[in-house]
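The numbering of the sequence shown is our numbering, which starts it at 550 and goes up by one. Glycine is no exception: its CB is placed at the ideal position from the N, C-alpha and C atoms. Below you'll find the structure, written out as structure tokens, and then a few comments.
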Amino acid sequence: MIQAIIDEATIQRLRAMINGVQRIAITCHKSPDGDALGSTLALCHVLRRLGKEADVVTPDMAPRALEFIPGVRDIIVFTKHEARARRVLADAQLIFCLDYNSLHRIDRLGELIEPLTTRRVLIDHHLDPEDAFDLSISFPEASSTCELVFRVLMQMGLLRLMDRHAASCLYVGLLTDTGGFAYSCDNPELYEILASIMRRHIDRVALYNKAMNTFSADSMRLQGYAINEKMQLFPEHGASLITLDKAELERFNYNRGDTETLVNKPLAIPGIYWSVFLREDADRIKVSCRSQGDFSVSDICARYFNGGGHENAAGGEFNGSIDEAVQVFYQVLADLFPDIHPQQQPTTNDNNEEQ
């Protein structure tokens, strides 16, 4: 039995907000991942079946690897169709904010939304949402925003409008934000939600393969290079570090999403229970962390990398060079393991010199 975790007063307020409007905009964070795209598109699809004029507006393009999600091609991308995105946001009578906890995470869209008097509804599973929303549905313990969208639809009595397309969107978000149900998925109710989604006759095998087992040739070469040449192991700390700078990414014709699962790879090595991946973007260092067991990488990302997330899956950003970010990683090692000399050299894979 799936419990109603959202209080009834919040559901009633949301129902009244939706019933009182016709034009709805749905937004998600910059560099949208499977959860951001899955949750926004599923909600959009259901709202349209409810008779609403709903549109998804994203700060930038979806990764090429996620273009198979139903409805992706209908998204209004701000960096591609700025005038239309501005018009949709200005005309909207209600704005949904999905899978982000702060307006700064939606880049220039935040600058457009902040001065609007349009009411905003937050549905999100990240820690510490800012006070910028008229209605907040925030559950950091949830596996994903897709899980929360399902729960919202369930409690509003709208699951009857969730067809195969909407269910497929939710499945992709659940799948990708749990690493294929490898972390953030201990709540048994999650599998009851999954069962309900599968009853909509989604093509689970095809969706799984496209989301988790499909890579371009460049992506596979990039990940092979990263593991063979750039992976550093710190067995005394149970840790791994992989770094990729802009030149290396360009060498392999990097597209967003090409390194999506790379941070998980070192966890397959016995004795390695937490992994850090540093990727140099245009103006900052993107930080991804994964772990196993009760080792919290969320705390590391929050304290050292201006981020956060779940205990076993978190991320953040670093404003500086990739070399400086590496030094912060070394500081993490020194702080967490003071009994291990901080100058101790890492162990790399057997085929390479130390990086």
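When the options are compared against residue i, the one with the closest alpha-carbon
i    : options                   : result
D683 : T666, S717 and I849       : T666
A611 : R633, A603, G587 and R598 : G587
V721 : K795, M711, I618 and I624 : I618
G935 : R635, D648, I821 and Q561 : Here the chain has residues from 550 to 904 only, and residue 935 is not among them.
L882 : L782, P815, R709 and K814 : L782
V656 : V606, V754 and E809       : A quick correction: the sequence has Asp, not Val, at residue 656. Comparing Cα positions, the closest option is V606.
A614 : E860, Y740, F764 and A851 : F764
D604 : I573, K629 and R622       : I573
A773 : I818, K814 and I625       : For the record, residue 773 in the displayed sequence is Gly; it is not Ala. It is K814 whose Cα lies nearest to the Cα of G773.
E809 : I751, H786, R753 and K759 : K759
E602 : E785, H750, D609 and G569 : G569
L743 : S768, A766 and A715       : A715
A558 : L652, S685 and S580       : S685
Whole-angstrom distance between residue j and residue i, CA atom to CA atom
i    : j    : result
Q571 : L638 : 13 Å
I672 : M747 : 23 Å
N584 : M550 : Per the sequence shown, the amino acid found at residue 584 is Asp instead of Asn. Each residue's Cα considered, the two are about 24 Å apart.
F699 : T725 : 16 Å
E799 : R713 : 38 Å
N762 : L592 : 26 Å
L643 : G600 : 15 Å
S840 : Y853 : 16 Å
F627 : G869 : 27 Å
R636 : T576 : 14 Å
F844 : A565 : 42 Å
A681 : H578 : 15 Å
I821 : V836 : 18 Å
F645 : V875 : 37 Å
D807 : L793 : 12 Å
Q893 : L885 : Bear in mind that a pLDDT of 44 at Q893, under 50, signals an unreliable position, so the model cannot answer this.
P891 : Y879 : Because the pLDDT at P891 is just 48, under 50, the model does not fix this residue reliably, and the point stays unresolved.
Y649 : R770 : 32 Å
T589 : L647 : 7 Å
P689 : G857 : 11 Å
R669 : E679 : 12 Å
Any non-hydrogen atom of the ligand FAD closer than 8 Å to residue i Cβ
i    : result
F878 : With respect to the ligand FAD, the structure shown offers nothing to examine, as it has no ligands at all.
9 Å Cβ cutoff, residue i in contact with chain D
i    : result
C734 : Among the protein chains of the structure shown there is no chain D, as only one such chain exists.
Bridge-paired residues (DSSP) for residue i
i    : result
F783 : A788
A603 : I573
D862 : Checking the sequence shown, residue 862 turns out to be Ala, not Asp. According to DSSP, A862 bridges with R839.
D673 : S687
F867 : I834
Fully enclosed by the region 790 to 856, which beta strand (DSSP E) runs are 3 residues long or longer?
823 to 829 and 834 to 840
Three or more C-beta pairs closer than 8 Å, one from the region 827 to 837 and one from the region 762 to 780: is that the case here?
no
May I ask you to verify whether the region 592 to 609 touches the region 725 to 742, counting CB pairs closer than 8 Å and requiring at least 3?
No: fewer than three Cβ pairs fall under 8 Å.
Uninterrupted beta strand (DSSP E) stretches inside the region 676 to 719 (no shorter than 3 residues)
684 to 687
Any chance you could list the beta strand (DSSP E) runs of at least 3 consecutive residues sitting entirely within the region 622 to 670, in chain order?
643 to 647
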